[in-house]
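> If you scroll down you'll find the structure; I have some questions about it.
In the working numbering, the protein residues as written are 106 to 271.
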C-alpha cells in the first residue's frame, strides 16, 4: 500500500503541531506517494519503526491511501477500532476494572507534555528539550523526569508525572 501525506499532515510537519516520536516523524517523512509501506518499513527498520507507528499516523489523519493503492485489512481495522482521541494507544483493563496502559501508550501520552514543558523553558531548557526529543521510549523519558521536575517545578511537572507513571 502506498500512502501520501494529507494536508493536515503537511501542516503538522511544518509547524510541529503534533508531537510525534522521532521514529514516527522519520517514517512520516518517508511517505512520499512513491514508496509503499514495505519500502518505508525496510528503510526505517534500524530506527525501530513498527506498523503500529504507521497505523498511528493514519489514525491521526496525517497519512492517507494514495489513489490506486490497494487496501489492506489490518490498517483499516486498526484505524476503525482505535479512536483518534487515544492517539493510537490501546487501552485495556485489569481484572479489578482499573485501566492499564502499555508502555507505548504512556510514551504517546507523556512525550507531548514533556516537549511542551521543556520548550516553555526557552534557552535555559534548550538542552533538556533536545534530550526529550531524542528520547525514543518511555524509559528514556522516565530517566529525564527528575531533570524536568527540577527545571519546571513540581506544580507543572504533575501533569507529566501522571502521564509517565499512572
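Where a beta carbon is used, it is the ideal one built from N, C-alpha and C, also for glycine. Because the structure is a prediction, the values reported are computed rather than measured.
1. Residue 268: which of 227, 217, 156 and 232 sits nearest, CA to CA?
2. Since residue 237 contacts residue 249 with CB under 8 Å, what's their CB separation in whole angstroms?
3. Can you give me the start and stop residues for the beta strand (DSSP E) that residue 109 sits inside?
4. Helix, strand or coil for residue 242? Go by DSSP, reduced to three states.
5. Whole angstroms are fine: how far does the CA of residue 261 sit from the CA of residue 170?
6. Tell me the DSSP secondary structure of residue 137 in three-state form.
7. Is residue 121 helix, strand or coil by DSSP?
8. By the DSSP assignment, the alpha helix (DSSP H) with residue 168 in it spans what residues?
9. Could you work out which residue in 161, 226, 117 and 107 is closest to residue 143 when comparing CA atoms only?
10. Report all residues from its chain with a CB closer than 7 Å to the CB of residue 125; omit the five preceding and five following residues, and keep chain order.
11. Express the C-alpha separation of residue 242 and residue 129 in angstroms, rounding to a whole number.
The answer reads as follows:
1. 217
2. 6 Å
3. 108-110
4. coil
5. 40 Å
6. coil
7. The answer is coil: DSSP assigns residue 121 none of H, G, I, E or B.
8. It is not in any alpha helix (DSSP H) - residue 168 instead sits in the beta strand (DSSP E) that spans 168-170.
9. 107
10. 133
11. Our two residues, residue 129 and residue 242, have alpha carbons roughly 12 Å apart in a direct line.
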